[in-house]
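1 is the number of the first residue of the sequence shown in full-length UniProt numbering; add one for each residue after it. In this text, a Cβ means the ideal position worked out from N, Cα and C, and glycines have one as well. Only a predicted model underlies this, so the values are computations on that prediction, with no experimental measurement involved. So the structure is just underneath, and the comments pick up after that.
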Amino acid sequence: MSRPPWKSQLCEMVQPSGGPAGDQDVLGDESSLGKPAMLHLPSEQGTPETFQRCLEENQELRDAIRQSNQMLRERCEELQHFQSSQREEKEFLMQKFQEARKLVERLSLEKLDLRRQREQALKEVEHLKRCQQVAGAGAGSEIPQE
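Here is the structure:
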């Protein structure tokens, strides 16, 4: 019979040494929370050896849970560190983006100002050329007197 996909080796590793969950006849019906409603030990299994085995399995499960919790804590700390570094990097990049945006805006304004200055200078040059032409035309029409 094939194993359901949710029952992995890891699931079996944390099960009591008697085998995968559901194969033991010492547990009774489960309550709505997934906990045993009542522990039923048949009279032939209520021996000190069975009790000792249950205590050992209980300790194994506690150790497995402690190890799992420790690993989860470590992964959680790693995730928090990663998220923190990602936030810092995002803030840094946003700051650089804002600086770049302000620089582009300032340069665009400078470019517009320089274009206006150039247009004004070209108008002044045209005006001076016209004035020079008018002055040159007026001086050329005069006859020198002696």
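Rounded to the nearest angstrom, the gap between the Cα atoms of K90 and Q98 is 12 Å. As the crow flies, the alpha-carbon of K96 is around 10 Å from that of L103. Per DSSP, reduced to three states, the secondary structure at T47 is coil, with no helix or strand assignment. Distance from the CA atom of L107 to the CA atom of L79, rounded to whole angstroms, is 41 Å. Taken atom to atom, the span from the alpha-carbon of Q117 to that of H81 is near 54 Å.
Pairing E105 with A135, the inter-Cα distance amounts to about 45 Å.
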